[in-house]
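Below is one structure; the comments refer to it alone.
Number of protein chains: 2
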Amino acid sequence: MLKKTNRVSLVDQVVSQIEHLIEGGQWPIGEKLPPEMELMEEFGVSRNTLREAIHALVHAGLLETKQGSGTVVRSSSALEAAFNRHIEKSNLIETLEVRLALEREAAEMAAKHRTDEDVKEIEECMAQCQDAAKKDDIEEFVKADITFHQAIVKATNNQLLQDLYEYMTDPLYSSIHDIMIMDIPFDYDKEIHHELVRAIREQDVEGAKKYVNEYIHAFKQRL
Amino acid sequence: MLKKTNRVSLVDQVVSQIEHLIEGGQWPIGEKLPPEMELMEEFGVSRNTLREAIHALVHAGLLETKQGSGTVVRSSSALEAAFNRHIEKSNLIETLEVRLALEREAAEMAAKHRTDEDVKEIEECMAQCQDAAKKDDIEEFVKADITFHQAIVKATNNQLLQDLYEYMTDPLYSSIHDIMIMDIPFDYDKEIHHELVRAIREQDVEGAKKYVNEYIHAFKQRL
DNA sequence: CACTCCAAATTTGTAGGATGATTGGGATAT
DNA sequence: ATATCCCAATCATCCTACAAATTTGGAGTG
Numbered sequence: 001m002l003k004k005t006n007r008v009s010l011v012d013q014v015v016s017q018i019e020h021l022i023e024g025g026q027w028p029i030g031e032k033l034p035p036e037m038e039l040m041e042e043f044g045v046s047r048n049t050l051r052e053a054i055h056a057l058v059h060a061g062l063l064e065t066k067q068g069s070g071t072v073v074r075s076s077s078a079l080e081a082a083f084n085r086h087i088e089k090s091n092l093i094e095t096l097e098v099r100l101a102l103e104r105e106a107a108e109m110a111a112k113h114r115t116d117e118d119v120k121e122i123e124e125c126m127a128q129c130q131d132a133a134k135k136d137d138i139e140e141f142v143k144a145d146i147t148f149h150q151a152i153v154k155a156t157n158n159q160l161l162q163d164l165y166e167y168m169t170d171p172l173y174s175s176i177h178d179i180m181i182m183d184i185p186f187d188y189d190k191e192i193h194h195e196l197v198r199a200i201r202e203q204d205v206e207g208a209k210k211y212v213n214e215y216i217h218a219f220k221q222r223l
Numbered sequence: 001m002l003k004k005t006n007r008v009s010l011v012d013q014v015v016s017q018i019e020h021l022i023e024g025g026q027w028p029i030g031e032k033l034p035p036e037m038e039l040m041e042e043f044g045v046s047r048n049t050l051r052e053a054i055h056a057l058v059h060a061g062l063l064e065t066k067q068g069s070g071t072v073v074r075s076s077s078a079l080e081a082a083f084n085r086h087i088e089k090s091n092l093i094e095t096l097e098v099r100l101a102l103e104r105e106a107a108e109m110a111a112k113h114r115t116d117e118d119v120k121e122i123e124e125c126m127a128q129c130q131d132a133a134k135k136d137d138i139e140e141f142v143k144a145d146i147t148f149h150q151a152i153v154k155a156t157n158n159q160l161l162q163d164l165y166e167y168m169t170d171p172l173y174s175s176i177h178d179i180m181i182m183d184i185p186f187d188y189d190k191e192i193h194h195e196l197v198r199a200i201r202e203q204d205v206e207g208a209k210k211y212v213n214e215y216i217h218a219f220k221q222r223l
């Protein structure tokens, strides 16, 4: 039984190298890449090969090219771009439901694993929600509320969960906004999750779970 | 203020056309594409342009090329490939946790939205679990159990949830297997979720939620 | 000096040709 | 029938040339 040829095409090798440069931070987001000519020499490949590699990454969402100007790093995660494309073809309710699934798990995990650092950050986010509430600025409140929820997800200490939650939140922004301000007059108090923060602070897993279940149930009613 | 030029590069146009052919089913999975020469004529572009387009889709996971043989359609979803690459760099526990989050939500949604068709399918999967249990064939049981859980996810009628669950299950297969057979002697009865199926059949949302919470809690203990 | 405008340089986009590498199948010999 | 060899088909890589878009810098003007 012969070993499968492990031959990797030159294009794929270049793609991998560029990916590593981006993920490793050598080429941070916004960075302008050297022109094709220089990259050809650096990687030791022809222009065609280099261009196929670059365009693969453009399509993946990592790079962005503009004729006459150059190529810049656009994102460090290919998953986000793929997600956005997939969600575009999917319906928003489905995305929202999956996001709620993540949120539910996040609350429980956050209560279990949160550090003091996390609690501090979550409370700061909640304070911003209260500021916006005082000013009766709904737009700002919605933004602060979303940041608040992301802080909780961050406290799970699960990077994948955090990434997925973020990738789903952005395309849903307008929907979340519309659902939140559905009730007029807007009841700020009900939307500020004091009880959830308390549960996370005190590592009261059951309390966090219970509160989020109620919150999500109420949220789903509005769909 | 001039409108931004909406010029789309030839490469991207070709990419879109091919994507549509694949998603639309004109080029089903496994289909062999015409050789580059023909595609060049069909799309009216040069070799370089066509090859950049094709390689973008290869990197996205939709196509697969083999030198000397040809190009075939590999998948109709770019998300799966992006997911696998992302998960590779992530740790398995994190992936498992996210998968459990989806599972929890799925049980509740399945109990709510399941059709008679879904119930039938779920019960068939459970029957296969029981067959494997009777034969004391652990390997087959694990496979059947995974299929059983996927049937439940399918009953949610949420395509995105179903896709994500599937994309996460495949890379986790060996982990799930190891965790399941951790307890020796293997207790088949405990692993067959009669109670869950009953709850879904009777659309007992609370019952499904409660059972899955217990099941997931027990599962997490083993991590 | 400050500003405008245009031409040149830079950079990516597209085209087409040439050659190498790999695969698969058919012809041939045993 | 089997095994071997050879060749056609196909993708992989490299090369040159030109087009199109953008940026840059300098000449000219007030």
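First to last, the protein sequences are chains A and B. So the first sequence is residues 1 to 223, counted in our numbering. So the second sequence is residues 1 to 223, counted in our numbering. Ideal placement from N, C-alpha and C gives every residue a C-beta, glycine not left out.
Sequence-distant residues of the same chain with beta carbon closer than 7 Å to residue i, five excluded per side
i      : result
B:G207 : A199
A:E31  : V72 and V73
B:S90  : none
A:E140 : A132
Under 8 Å from the C-beta of residue i: neighbouring residues of chain A
i      : result
B:A208 : Ordered by position in chain A, no residue passes the 8 Å Cβ test against B:A208, which lies about 13 Å from the chain.
B:F83  : L79 and A82
B:M109 : E97
B:R51  : N48 and E52
B:R90  : For the sequence presented, residue 90 of chain B should be read as Ser rather than Arg. Here the neighbours are Q159 and L160.
Close beta carbons around residue i, own chain, < 6 Å, minus the five adjacent residues each side
i      : result
B:N213 : none
A:T156 : A106, M109 and A110
A:K4   : Note on A:K4: pLDDT 41, under 50, position unreliable in the model; the coordinate value appears next. Nothing meets the Cβ criterion.
Nearest neighbour of residue i, chosen from the options [CA to CA]
i      : options                           : result
B:E121 : B:I93, B:A144 and B:A53           : B:A144
A:S175 : A:H113, A:T115 and A:L96          : A:L96
B:Q67  : B:E94, B:M180, B:P35 and B:K112   : B:P35
B:L79  : A:R7, A:E139, A:A60 and A:I93     : A:A60
A:K210 : A:R104, A:N48 and A:E52           : A:R104
B:V14  : B:M37, B:T49 and B:L33            : B:T49
A:V197 : A:M37, A:A151, A:G25 and A:S16    : A:A151
A:H193 : A:Q159, A:T169, A:D178 and A:E124 : A:E124
A:F43  : A:G25, A:Q26, A:D178 and A:S16    : A:S16
B:D136 : B:E195, B:M37, B:D12 and B:I181   : B:I181
B:D12  : A:G24, A:T65 and A:D12            : A:T65
Contacts of residue i in chain A (Cβ-Cβ under 7 Å)
i      : result
B:T95  : L160
B:H149 : Per Cβ cutoff of 7 Å: no residues; B:H149 is ~15 Å from chain A at best.
B:A56  : H55, A56 and H59
B:V11  : H55
Short Cβ contact (8 Å threshold) for residue i with residue j
i      : j      : result
A:L102 : A:L164 : yes
B:V58  : B:L10  : no
B:S76  : B:I146 : no
A:A56  : B:H55  : yes
B:Y167 : B:F83  : yes
B:V98  : A:L161 : yes
A:L39  : A:G70  : no
B:K112 : B:V8   : no
B:L223 : B:I93  : yes
B:V142 : B:H177 : yes
B:R47  : B:V119 : no
Exposure of residue i, with buried meaning 16 or more beta-carbon neighbours within 10 Å
i      : result
A:R114 : buried
B:L2   : The predicted model places B:L2 with a pLDDT of 36, which falls under 50 and marks its position as unreliable, so this point remains unresolved.
A:E19  : buried
B:I29  : exposed
B:K154 : buried
B:Q221 : exposed
A:E41  : exposed
B:E88  : exposed
B:E52  : buried
A:W27  : buried
Contacts that residue i makes with chain B (C-beta to C-beta distance below 7 Å)
i      : result
A:E139 : What A:E139 touches in chain B: nothing, since even the nearest Cβ is about 25 Å away.
A:A60  : H59 and A60
A:H86  : L79
A:L164 : V98
A:V142 : Per Cβ cutoff of 7 Å: no residues; A:V142 is ~23 Å from chain B at best.
Cross-chain neighbours of residue i in chain B, by beta carbon under 9 Å
i      : result
A:L102 : V98, A101, L102 and E105
A:S76  : Within 9 Å Cβ-Cβ: nothing; A:S76 doesn't reach chain B, min ~11 Å.
A:V72  : Going along chain B, no residue has its Cβ under 9 Å from A:V72, so there is no contact; the nearest lies around 16 Å.
A:V8   : Within chain B, no residue comes near A:V8; the closest Cβ sits about 12 Å away, beyond 9 Å.
Cutoff 8 Å; reference residue i; Cβ partners in own chain excluding five residues on either side
i      : result
B:Q203 : A111, K112 and R114
A:I216 : L100, E103 and R104
B:F148 : I122, C125, M126, Q128, C129 and H193
Per-residue contacts from residue i into chain B (C-beta, under 8 Å)
i     : result
A:V15 : H59
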